[in-house]
Structures are given as C-alpha cells and as structure tokens.
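Read the structure below first, then the notes.
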Amino acid sequence: MKAIVYTEYGPPDVLQLSEVPRPLPNDNEVLVRVKAASVNRTDCANLRAKPSIMRLTMGLFKPKKQILGTEFAGEVAAIGNEVTAFKVGDRVFGFADGGASSYAEYLVMEADKGIDIIPQNLNYKQAAACIEGVHYAYNFINKVKLNKGDKVLVNGASGGIGVATVQLLKYFGAEVTAVCPTQAMPLVQSIGANRIIDYLQEDFTKDNEQYEFVFDTVGKSSFGKCKHLLKPGGVYISSELGWMIQNVWYSLTTAILGSLPGQGGRKVKFPYPPDIKRSIVLLKKIIEEGKYKPVIDRTYSLEQIAEAFKYVETGEKIGNVAITIN
207 MKAIVYTEYG PPDVLQLSEV PRPLPNDNEV LVRVKAASVN RTDCANLRAK
257 PSIMRLTMGL FKPKKQILGT EFAGEVAAIG NEVTAFKVGD RVFGFADGGA
307 SSYAEYLVME ADKGIDIIPQ NLNYKQAAAC IEGVHYAYNF INKVKLNKGD
357 KVLVNGASGG IGVATVQLLK YFGAEVTAVC PTQAMPLVQS IGANRIIDYL
407 QEDFTKDNEQ YEFVFDTVGK SSFGKCKHLL KPGGVYISSE LGWMIQNVWY
457 SLTTAILGSL PGQGGRKVKF PYPPDIKRSI VLLKKIIEEG KYKPVIDRTY
507 SLEQIAEAFK YVETGEKIGN VAITIN
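Heads up, the sequence shown is in my numbering, so the first residue is 207 and it goes up one at a time.
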C-alpha cells in the first residue's frame, strides 16, 4: 500500500511517499481503508518532535512509528476475532494523539480506543478533520466549572482547536470573545462568537473587559500577559507548556494551593487530554444535533502532504486542513 513515511524528525521535506506492507488486524483491532486524514498541530509536533520531551515516547533519536497521521476517516475493511462493535463496511473516524499512522491507504486501530461510527450527516473529509480540535477544546472546558453566561476569551479562535472551542463554548451557553485575524472574522462570527478582536489591528491583552476564563488555544500568550483580563477567581489555560514549562508548574501550584499566591484567586490549569473516546461521544452528539460545523480551509492529496504541512506550519490556516486518500 502507499504511505507517507519518515525515518527522521525534521521539516516537511523529510516525508516520503513509499510502498509498505498492508497491516493486519490483531484480535482486538479494526483494519480501516483510509479515505481521508488531516494535518493538524499534533501532526506538526510529531513530525519535528517538538517540544523535545515528546522524544521520550515517540523515539529518542528517530520515530518509532514511521507513518505519521493522527486523524482519519474511512471504511472498515476487516475486523479481529474479538471485535463486536464494528463490522466490515462501517464508516468510521478516529484520532490517536500518539499517532494513528493515517497517512496511508490502510491502518489498524484498537476497537476500544479513539474510533467510532461517523455521523450520517458528515462526509469522510469532514469526519477526518474535526476530532483533534474538539478533543483538545473539550479538555479546556472540562477543566473548569463553566456556567451559562460566563464570559470567555478565546485566543486563536480561527485555528483547528480555536474553531472547536468557540463552538463548544456556545453549545454550553458561554459568552465568547474571539481573537483572530481579519480574514477569519466572518467565519468566527458565523460559528457563534459574540464579540471579535482582530489581533492584526489591536492587542487583545489590552482589552478592558474581564472574563471568567481565558483560553489560549494557540499558546502564543502567557498568564502574566493575561492575568489582568481575568476576574478574581478566574482561570487561564494554554494549549502549550509555556516558557520553562511554566503552565505546568502554575497548574501544579493551583492544584496544591487552590490558586496562585498573590493573584487574587486567579488560577492556571493545564488541559491534559487523556480520554479521546469521551470527546468523540460528545462530538457525535452535537454533530447529530446540528450544533457543530466542521471547518475545512484547504484540501490536499496524499502526494501533496509536504505542502500541506508547510501551509499548516505558517499558522495561517482557518479551521482544518484535510488530506484525501484515493
């Protein structure tokens, strides 16, 4: 089968289209004929092994898994002897942050992991480009006690995680201020943002409003720059570790002491995302209710994968980038 292989960490040019053996499912696994995948921030991090701490699980000097890709959608081609939740021909989608090897014509996935039946109102391309964003967005929201009407600022509201965060916050009844560039404003408004700050025109950290929560879905700010935007007792969450892994240390301090010393009860939490299956269950529910819209910026073929990565790494994508696999 065709697959995109990388034998070393580095820029998109290390990716090579190769012929590799088709995988066979074990007793508890599903063989999926892949129809579509995506290129997202997780994939970019896996490609370059950045932050470097990722090498402890991915491979210290070179990748253990030589086929990249975390999201996928496709058709069940075969099942293991112990699999009862799926049958051949099922339309399925899934996500594995450690790697699903989805840049290939076929992949195998454990049946009880991050895989489920695609909602009827999604095509393969849409299905392959929505789980990662929702999974990380939900793990911002479930780290706080969100009440209807709470004010939330979302930095990076037009990225894959940001688009999902805005939509989930609206689903749960929050009032959302979204930070995005000029060209993304119509899209961000269409998915429910109550107010938009164009970061090309103004610095959102100088905003006069205060919020219950500040969610930095692109990790380009810091608690220090945003703490005055939080109401007393408010919570800051970033998608990145922060300088000197500060967001993890602040989060540990919050967990131990209840808040950060001298910060008016303000807290930092870290969105550790362990339960992919739970995120997929929520995603299916809101899609079937017509309350979530997958957003696809560009589509590339498998052969164009390096170009897709280069585009995603510009940081200019709006929503998600899909990969079609024929």
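No residue lacks a Cβ here, since even glycine has one placed at the ideal position from N, Cα and C.
These numbers were taken from a predicted model, which means no experiment stands behind them.
Residue nearest to Y309 in terms of C-alpha spacing, selected from L230, E225 and D318
E225
Excluding the 5 residues flanking V441 on each side, which residues of the same chain have their C-beta closer than 6 Å to its C-beta?
V350, F419, K473 and K475
Q222 burial status per 10 Å Cβ neighbour count (16 or more: buried)
exposed
If we call anything under 8 Å between Cβ atoms a contact, is F278 one with A255?
no
Sort N400, T423, T263 and Q389 by Cα distance to Q407 and report the nearest one.
Q389
When every heavy atom of the ligand GTP is checked, does at least one fall within less than 7 Å of the C-beta of V454?
In terms of ligand content, the structure shown is empty, and the ligand GTP therefore cannot be addressed.
Contact the region 397-407 vs the region 377-385: 3+ CB pairs below 8 Å
yes
Once DSSP output is grouped into helix, strand and coil, what is the label at L458?
helix
For C336, which residues from the same chain have a beta carbon less than 6 Å from its beta carbon, with the 5 sequence-adjacent residues on both sides left out?
P500
Report buried or exposed for L533, applying the criterion of at least 16 other Cβ atoms within 10 angstroms of its Cβ.
An answer regarding residue 533 cannot be provided, because it is not within the stretch 207 to 532 covered by the chain.
Taking only the alpha-carbon atoms, compute the straight-line gap between A512 and D219 and give it to the nearest angstrom.
6 Å
Limits of the alpha helix (DSSP H) - the one that E513 falls within
I511 to V518
Assess contact between the region 262-274 and the region 297-308, defined as three or more Cβ pairs (one per stretch) separated by less than 8 Å. Is contact present?
yes
Who are I443's beta bridge partners in DSSP?
F421 and K475
Distance between beta carbons of K491 and G320, contact taken as under 8 Å
Going by Cβ atoms, the distance from G320 to K491 rounds to 16 Å, so no, they are not a contact pair.
Measure the alpha-carbon distance for T505 versus T530 and round it to whole angstroms.
7 Å
Out of Q469, S465 and D404, which one is the CA nearest neighbour of K431?
Q469
Using beta carbons (cut-off 8 Å, strictly below), is I493 in contact with chain C?
Absent from the structure is chain C; it holds one protein chain and no more.
If you draw a straight line from the C-alpha of F267 to the C-alpha of M260, how long is it?
11 Å
Is there contact here, the region 408-415 with the region 446-453, by at least three beta-carbon pairs under 8 Å?
no
Can you tell me whether T213 is buried or exposed, with buried defined as 16 or more other CB within 10 angstroms of its CB?
exposed
Straight-line gap, G280 to M264 (C-alpha atoms, nearest Å):
Between G280 and M264, the alpha-carbon positions lie close to 25 Å from each other.
Endpoints, alpha helix (DSSP H) assigned at D356:
Element bounds for D356: n/a, residue is neither H nor E.
In this structure, how does DSSP classify D303 when only helix, strand and coil are distinguished?
coil
Tell whether a beta-carbon distance below 8 Å holds between R247 and G366.
yes
Leaving out five residues on either side along the sequence, give the residues of the same chain with a beta carbon under 7 Å from the beta carbon of D249.
L274, G275 and T276
Just verifying my parser: in three-state terms, what is the DSSP assignment at R254?
helix
Hey, how far is the Cα of P269 from the Cα of E522?
27 Å
Can you give me the C-alpha to C-alpha distance between N329 and V298, rounded to a whole angstrom?
10 Å
Helix or strand or just coil, what does DSSP make of M450?
It is helical.
Are the CB atoms of Y417 and V358 nearer to each other than 8 Å?
yes
How is the beta strand (DSSP E) around G280 delimited, first residue to last?
E277 to I285
Determine the extent of the beta strand (DSSP E) in which N526 is found, giving its start and end residues.
N526 to T530
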